[in-house]
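*Asks:*
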């Protein structure tokens, strides 16, 4: 599955050819192999990433030296450490590709300039960020409401292809369960 | 005495605004003076607006099946808050948005938002920044919730936001942090 940024934007806001050109002058395309590091702990997050193809994970190392995943991004999703991106401060996170990925990135300083150059894009990014915020509100609500097992079942029934693409130990990390327990839940489920 | 940040003052932290533009903003928004415990949104209503806190404090929470309150977010001076799912999909909200103290809140409904951006396109930059800040806060909160024990969480939170912890009842902070005795 692949979703170009132009296609994605077009779903919300039609852009003229010249606007597409301007957009492309503000963005950078890159292909990153599996396990490529896009952001490391201690660096400032300079880019906002759009996933055209592939999958990203965002994680930090907790005080038990384990990787704690807080977010994933699939095709059509944008990802960055927003705090670092906005404040120009070192990030606590790593962003890494889980599979070979095709990405489009916008530099933090370019972002406001891009909105000035193509004001229509305001609507696109507003919709994107509202969806992002809606998803995180929902995710937080589920985390409060459901037991971890319920959350696992909810997650796997709503996103079955995702469960196929992402290694089991990463799903476990994201859900706050041990890999062994996720294995057991998977067996119970099938 | 708590701070108050008017909406034009807050916007000017990000972009310039002239007096005419300030008037336009005032015309499309509504101002509410809330007493402690007043509601802006109740469960099963449809959330049609974004809310900006000029002064005071709002909380957004839901009740689980045991009628326990879980606070998703707070908003103090300079913060925006809304139920994004209800707003985007226009279906009924699961949340309550309530004042935890006397508050002055600006309401910008969804349709007025669109008209406002058409009239003052550079506000798009302001709102994008706001949403990024909001997303940053969500990411930070997620990180805290994943890392720490209840005691560490409470301690870290109260060390980071001492003024806030003074303003809000302890049970509400605990609800927000997901700590239940």
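Residue numbers (our numbering), protein chains in the order written: chain A, 1 to 190; chain B, 1001 to 1181. Beta carbons are placed, not taken as given, at the ideal position from N, Cα and C, and that holds for glycine.
So the candidates are 1066/B, 1073/B, 1029/B, 1055/B; which of them puts its Cα closest to the Cα of residue 137/A?
*Replies:* Here the closest residue by C-alpha is 1073/B.
*Asks:* Measuring only between beta-carbons, confirm whether residue 1140/B sits less than 8 angstroms from chain A.
*Replies:* Chain A contact via Cβ: present.
*Asks:* At what residue ranges does the stretch 81 to 137 of chain A contain a whole run of the alpha helix (DSSP H), taking only runs of 4 or more?
*Replies:* Whole alpha helix (DSSP H) segments, 4+ residues: 82 to 87, 108 to 117.
*Asks:* Determine, using beta carbons only, whether residue 1084/B comes closer than 8 angstroms to chain A.
*Replies:* Closer than 8 angstroms to some Cβ of chain A, the Cβ of residue 1084/B qualifies, so yes.
*Asks:* Buried or exposed: residue 1001/B, going by 16 or more other Cβ atoms within 10 Å of its Cβ?
*Replies:* Since pLDDT at residue 1001/B reaches only 46, below the 50 mark, its modelled position is unreliable, and no value is offered.
*Asks:* Under the DSSP definition of a beta bridge, which residues are partnered with residue 28/A?
*Replies:* The partner list for residue 28/A (beta bridge, DSSP) reads 105/A.
*Asks:* Is residue 1143/B close to chain A, meaning its C-beta is less than 8 angstroms from at least one C-beta of that chain?
*Replies:* Yes, its Cβ sits closer than 8 angstroms to a Cβ of chain A.
*Asks:* When you compare the CB positions of residue 1078/B and residue 1010/B, do they come within less than 8 angstroms of one another, or not?
*Replies:* Yes; because the gap between Cβ atoms is below 8 angstroms, this pair is in contact.
*Asks:* Pull the bridge partners of residue 1106/B from the DSSP assignment, please.
*Replies:* Answer is 1031/B, 1052/B.
*Asks:* Tell whether a beta-carbon distance below 8 angstroms holds between residue 1052/B and residue 1007/B.
*Replies:* Cβ atoms of residue 1052/B and residue 1007/B: closer than 8 angstroms.
*Asks:* Which residue spans inside the stretch 1137 to 1164 of chain B form an unbroken beta strand (DSSP E) run of at least 3?
*Replies:* Listed in chain order, there is nothing to give.
*Asks:* Could you tell me whether the Cβ atoms of residue 175/A and residue 148/A are closer together than 8 angstroms?
*Replies:* Yes. Within cutoff.
*Asks:* Less than 8 angstroms between the beta carbons of residue 106/A and residue 26/A, yes or no?
*Replies:* Cβ distance < 8 angstroms, so residue 106/A and residue 26/A count as in contact.
*Asks:* Secondary structure at residue 1/A, three-state DSSP: helix, strand or coil?
*Replies:* Coil.
*Asks:* Going by alpha carbons, who is nearest to residue 51/A out of 22/A, 62/A, 21/A, 9/A?
*Replies:* The shortest C-alpha separation from residue 51/A is found at 9/A.
*Asks:* Please classify residue 1099/B: is it buried, with 16 or more other beta-carbons within 10 angstroms of its beta-carbon, or exposed?
*Replies:* Residue 1099/B should be labelled buried.
*Asks:* Quick check on residue 1257/B: does DSSP put it in helix, strand or coil?
*Replies:* Here chain B has residues from 1001 to 1181 only, and residue 1257/B is not among them.
*Asks:* Just curious, the alpha helix (DSSP H) that residue 183/A is in, first and last residue?
*Replies:* Counting along the chain, the alpha helix (DSSP H) containing residue 183/A begins and ends at 179 to 189.
*Asks:* Would you say residue 1046/B and residue 1090/B are within 8 angstroms of each other, going by their C-beta atoms?
*Replies:* Contact flag set, yes.
*Asks:* Using three-state DSSP, classify residue 40/A as helix, strand or coil.
*Replies:* Of the three classes helix, strand and coil, the one that applies to residue 40/A here is coil, per DSSP.
*Asks:* Does residue 80/A pass the burial test, meaning 16 or more other C-beta atoms within 10 Å, or should it be called exposed?
*Replies:* Buried is the call here.
*Asks:* Are the stretch 87 to 96 of chain A and the stretch 39 to 50 of chain A touching, with three or more C-beta to C-beta distances below 8 angstroms?
*Replies:* Touching, yes, given that three or more Cβ pairs across the two stretches are closer than 8 angstroms.
*Asks:* Mind pulling the chain B residues with CB within less than 9 angstroms of residue 131/A?
*Replies:* Chain B residues near residue 131/A: 1084, 1088.
*Asks:* Span of the beta strand (DSSP E) holding residue 67/A?
*Replies:* First-last of the beta strand (DSSP E) with residue 67/A: 67 to 73.
*Asks:* If you drop the 5 nearest sequence neighbours on each side, which residues of the same chain put their C-beta closer than 7 angstroms to that of residue 1122/B?
*Replies:* Answer for residue 1122/B: 1015, listed in chain order.
*Asks:* Going by alpha carbons, who is nearest to residue 68/A out of 186/A, 188/A, 169/A?
*Replies:* Comparing Cα-Cα distances from residue 68/A to each of 186/A, 188/A, 169/A, the minimum goes to 169/A.
*Asks:* Report the neighbours of residue 112/A on chain B: residues whose CB is nearer than 7 angstroms to its CB, in chain order.
*Replies:* Residues of chain B passing the Cβ test: 1125.
*Asks:* Please return the same chain residues whose Cβ sits closer than 6 angstroms to the Cβ of residue 88/A, not counting the five positions on each side in sequence.
*Replies:* 44.
*Asks:* Comparing alpha-carbon positions, which option in 1152/B, 1110/B, 1038/B, 1054/B lies nearest residue 1083/B?
*Replies:* For residue 1083/B, the nearest C-alpha among the options comes from 1110/B.
*Asks:* Just the Cα atoms here: how many angstroms apart are residue 111/A and residue 1066/B?
*Replies:* The alpha-carbon atoms of residue 111/A and residue 1066/B are separated by roughly 45 angstroms.
*Asks:* Among 1131/B, 1136/B, 1120/B, which residue has its Cα nearest to the Cα of residue 1020/B?
*Replies:* For the residues 1131/B, 1136/B, 1120/B, the minimum Cα distance to residue 1020/B belongs to 1120/B.
*Asks:* Leaving out five residues on either side along the sequence, give the residues of the same chain with a beta carbon under 6 angstroms from the beta carbon of residue 37/A.
*Replies:* Correct list, in chain order: 96.
*Asks:* Would you check if the distance between the CB atom of residue 122/A and the CB atom of residue 1025/B is smaller than 8 angstroms?
*Replies:* Contact flag unset, no.
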